[in-house]
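Notes follow the structure.
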Amino acid sequence: MLYETYRGARRVIACSAQAEALGIAPGMPLAEAMAISTQPEAEVGSRKAESGKRKAESGRVECKVQSAKCKVQNENPVTSPNSSFIIHHSSFSPRPSPLTPFPSDPLADREALEELAAWCQQFSPIVGIEDSPLPESLLLDVTGLEHLFGGEGPLAQKIVDDFRTHRGLTVRVAIADTLGAAWAVARFCNSSLVVPPGQTLPALRGLPIEALRLPAQVVEMLHSLGVYRIGQLEPLPRAELAARFGASIALRWDQATGQAAEPIPASPLPAELQARESLEYPTARRDAVELVLQQLIGQVAQKLLGCGRGAMRLQCRLECSPNASRRENMPPTTRHPSPATNPSSPATRHPPPAVDLSVGLFEPTASAQHLFQLVRLQLERLSIPAPVVGISVEVSATAPLVCRQESLFADGPDRAPSGRAPSEGWSRSMVGWSRPRLLAGLVDRLASRLGRHCVLRPRLIPDAQPESAYQYEPLIANSPLSRRQRAGIRNNGQIPMTNDQGLKTDVPQSFGHWSLVIEPSPHSSFIIHHSSFPLRLFRSPLALSAMSVMPEGPPLRFSFRGQEHCTARAWGPERIETGWWRGRSIARDYYRIETTAGRRFWLFRRLNDGRWFLHGTFE
Amino acid sequence: MPLESQITPIEDTTSGPFRDRLVEALREQIAHWERARRPQEAPVSSGSKALDQLLPAGGFHRGTLVEWLAVGDGSGVETLALLAAREACREGGALIVLDRAGEFYPPAAVRLGIEPQGLIVVRVANEADHAWALDQVLRCPAVAAVVAWPQRLEAKTFRRLQLAAEQGGSLGLLVRPERVRNEPSWADVRLWVQPVTPFSRHGSGAGGEGALPSKHDVVVGRPRVACLHAAQPRVGMSATCSPDASRRESMPPGRLLRVQLLRSREGASGGSVEVEIGDETRTVHLAPQLARPAAHRRAAGA
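Here the protein sequences line up with chains C and L, keeping their order.
Mapping of the first sequence onto the working numbering: residues 61 to 679, in sequence order.
Mapping of the second sequence onto the working numbering: residues 798 to 1099, in sequence order.
Dropping the structure here:
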């Protein structure tokens, strides 16, 4: 059950068949619907079980989708190949439990529909989404395609079946001569229907007047005149109708009957951001592999530029020859001097069929050169277990490209205002404008070679326990945003970025917008202000051995890293105790210690057993 | 024909005044060339006026490397290096810390006054990665300062790093063990940092490691539990602070560090200065007692 809030009132705008069986109807106030749904369930138990079973089994998002499909059997195939297919898609509603109301989310509906449209590419090359504020139908041009599926009837059946098995959706399909007729049939007939060629008008006659896609006030006016069926319009004089009800009625009539052409508003398909090359003969030459990779990345970058997006993640796959498992088979030439040093690379004992490379980026880029550099940095450290037979490159996450006037200022950093030779030097002020881009490039390079988890930004957390007073976050985001984060973005009124798989990508802000996130603590009085922190903190405190301890005080002597230290001065203790609710409880007395040589250490005594640990050094 | 006459055929080079003039002129020329390699920018302060006075340039030049040598742990050398990095980042630009050991503690750096939004910590696993990352980072003009802990630097690598810094214009702060002090260096400035204790200052000057002083003051406050907000267990932690009476004792006073200029490309080296790092504010000021450089050179050699 979905509801919307309109002028403060919550109304049901869509509901499942199960809710309809209870008597809930769209337009009903939410409070009333909830009252109905919380009635004793015995009477509706059987129906509920029946309808809920399929959804529970599949465990997917339940959708109530009607679908329609239409095909135009055009009189003149050359001039108007106007066949279409409609999937009438009314609502999406995630259902953790029966009859839970959810706020309506038109944006999510639209996104889901776009994703379905891309999926429908398997049935027809031209797929569009109905041109209306709240689209519910998909339109497919199936002209000349029926022989591939064994006729229009089997095609319609295949679509219904595929939707049910692969997507878990119930759709209604109609095939008709015109887009308008298919839309009408799909909406207002109770089952999937193929309107035979030339039979459009007879099929339309019995349908209600709303099936003509007329504005609401026109429909209302016609109703008041006693016109309820499309057939009733037919004998009326056309000029009179247009004069009384506006031009839309004549246009819709013509569109439905095929006298006016109506193209399918096909949504531009996401460009295929991948490229593949098969090699004529297997090769293990790195320079050859790099050359092909460079070309492929160039192709992909061109596509990226074409749709104004930049890559956030690039994946390369080197397909290796499966039978060449022994190294003797490889050409002995030009092996890279330092291969196979990376322990994470696939072992050579079991040659895998493919080697995968993945490059994450700090800032979206469509620069082929930059992408190739990053890939090469990884390739250098990778051992190729067997000769490569094919190479493919795919951009798996994109984000809108930040526009820059690169061409105008291409040589900007070299142009010194003080008139020095261009190649000679640099200046902080010159660097200023291009700093985020330069830094992004650096971060990309570092992360590509060292790994995403090695390039970090610290985030301070007000926590008294020294180890948990900070966290590292990788600068290059990896995972798509979680559903909760997406909701947050949407509530903030921003349209989330979508990549080509419909996933959201986390677009990092530019460097200039970074801020240290100190989480607002509800108990700010508990931020303990240490007078100073040690600059080095061991990940796990080192147990101290061989020491002499003064009662009630820090050790007088201790050895650390093979060196004996004598305490000269000490300050403390500062006690840190965590509560039982934080897991393993921690109780420590911290001392700052200055040795006779002037070195300062941070020691603590574990209060549980009195053992001494070294936790950090004041470097 | 004697060699001298080939070079200066007119005058006798062994004569005192001429020789001095020649050396002076050559020195000026060298200084001129070295200056010409970098833009005429104001040097970056080291974070301490005393240290600035010690440095011939009055600070560090951007686009150069600075070596900080120290023995062992807990010497305070990284504090000085990070303070210089803080100054270098004042005009914007990132500070990159190449954390080899994984022990760098960002809250302490923030406490030193480093802007956390410009701080990037890069973890490197081995020496090869460290050298590569250092080169990359120094080469990037968006980076204002780099703090790194290279253990071994071959002359070739070192030279490459210096060129990288020169190209990128970032200040490379290399914290290194003291044992490399006799190795050749491509760094602009090489500094040796030693902690100063009251004992080492008044004593023989040898900085007696391990020798227990005759009179040491271990000031220990007795822990007194002050369980704040004990009624609200959801807080997550109860804190115990030393009571106010002993608070003065529990806060260590500022520490004294002796910084010796081992090498500088721009001027005479060998001077030393004592700086004090206040623990509360982390301001660095000149220690009241300036040590005689000669004595300290002896101490350093000891």
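Using N, Cα and C, we set each Cβ at its ideal position, and we do this for glycine too.
#### Entry: C/V233 (DSSP reduced to helix, strand or coil)
coil
### DSSP three-state assignment for C/A371, whether helix, strand or coil
Here C/A371 carries a strand assignment [DSSP, helix/strand/coil].
#### Entry: chain C within 9 Å of L/D985, Cβ atoms only
no
#### Entry: Positions along the region 617 to 631 of chain C whose CB lies within less than 9 Å of some CB in chain L
R617, F620, R621, Q623, E624, H625, C626, T627, A628, R629, A630, W631
### Task
Say whether chain L places a C-beta atom closer than 9 Å to the C-beta of C/I358.
Here residue 358 of chain C is Gly; the residue named in the question, Ile, does not match the sequence. C/G358 does not count as touching chain L.
### Message
Cutting at 7 Å between CB atoms, please list the residues of its own chain near C/A603, excluding the five before and the five after it.
### Response
Cβ within range, chain order: R671, F673.
### Query
Does the Cβ of C/Y63 have 16 or more other Cβ atoms within 10 Å, making it buried, or fewer, making it exposed?
buried
#### Entry: Backbone CA spacing between C/E679 and L/E875 [nearest angstrom]
5 Å
### Query
Mind listing which residues of the region 921 to 941 of chain L have their C-beta closer than 9 Å to chain C's C-betas, in chain order?
V921, A922, A925, D926, W929, A930, Q933, V934, R936, C937, P938, A939, V940, A941
### Query
Is the CB-CB distance between C/Q362 and C/E337 below 9 Å?
Judged by their CB atoms, C/Q362 and C/E337 are not nearer to each other than the 9 Å cut-off.
### Task
Count the other C-beta atoms from every protein chain shown that fall within 10 angstroms of the C-beta of C/G643, then say buried if there are 16 or more, exposed otherwise.
So C/G643 counts as exposed.
### Query
To the nearest angstrom, how far is it from the Cα of C/Q181 to the Cα of C/R377?
Cα atoms of C/Q181 and C/R377: separation of roughly 25 Å, rounded to the nearest angstrom.
### Task
Using a Cβ cut-off of 8 Å, pull out every chain C residue sitting near L/E875, in sequence order please.
L595, R596, E679
### Query
Listing by chain order, which chain C residues have their CB less than 7 Å from the CB of L/I827?
What L/I827 touches in chain C: nothing, since even the nearest Cβ is about 20 Å away.
### Query
For the beta strand (DSSP E) that contains L/D896, what are its first and last residues?
Note, L/D896: beta strand (DSSP E), 891 to 896.
### Task
Would you kindly report the start and end of the unbroken beta strand (DSSP E) that includes C/G420?
414 to 425
### Query
Hey, C/W675 and C/P614: beta-carbon distance below 9 Å or not?
The sequence as given places His at residue 675 of chain C; Trp does not occur at that position. No, they are not a contact pair.
### Query
Taking C-alpha atoms, which residue in C/P195, C/L339, C/A263 lies nearest to C/V245?
C/A263
### Message
Give the list of continuous alpha helix (DSSP H) stretches no shorter than 4 residues that lie fully inside the region 614 to 652 of chain C.
### Response
none
#### Entry: C/R617 and L/S872 closer than 9 Å at C-beta
no
### Task
Kindly say whether L/V1056, judged by its beta-carbon, lies nearer than 9 Å to any beta-carbon of chain C.
no
### Query
What is the rounded straight-line gap between the Cα of C/W662 and the Cα of L/A898?
17 Å
### Message
When you compare the CB positions of C/T160 and C/T238, do they come within less than 9 Å of one another, or not?
### Response
No, the Cβ-Cβ distance between C/T160 and C/T238 is not below 9 Å.
### Task
With distances taken Cα to Cα, identify the nearest neighbour of C/G266 among C/S645, C/F248, C/L437, C/A500.
The alpha carbon of C/G266 has as its nearest neighbour, out of C/S645, C/F248, C/L437, C/A500, the alpha carbon of C/F248.
### Query
For L/L970 versus L/V943, is the C-beta spacing smaller than 9 Å?
yes
#### Entry: Within-9 Å CB hit, C/E654 to chain L
yes
### Message
At the 9 Å Cβ level, is L/F1073 part of the contact set with chain C, yes or no?
### Response
A quick correction: the sequence has Glu, not Phe, at residue 1073 of chain L. Not an interface residue.
### Query
Given a limit of 8 Å on CB to CB distance, which residues of the region 414 to 435 of chain C reach chain L?
none
### Message
Less than 9 Å between the beta carbons of L/R973 and L/P947, yes or no?
### Response
yes
#### Entry: Residue burial classification, C/D669 (beta-carbon count within 10 angstroms, cutoff 16)
exposed
#### Entry: Within chain L, the residues that C/L506 reaches when beta carbons sit closer than 7 Å
V919, A930, Q933
### C/R298, buried or exposed, once every other Cβ within 10 Å from all chains shown has been counted against 16
exposed
### Query
What did DSSP end up calling C/L267 once you bin it into helix, strand or coil?
coil
### Query
Are any of the Cβ atoms in chain C nearer than 9 Å to that of L/E864?
no
### Task
Kindly list the residues whose CB is nearer than 6 Å to the CB of C/E454, restricted to its own chain and excluding five residues on each side of it in sequence; keep chain order.
The answer, listed in chain order, is Q334, Q375.
### Task
Mind checking who C/S338 pairs with in its DSSP beta bridge?
C/G450
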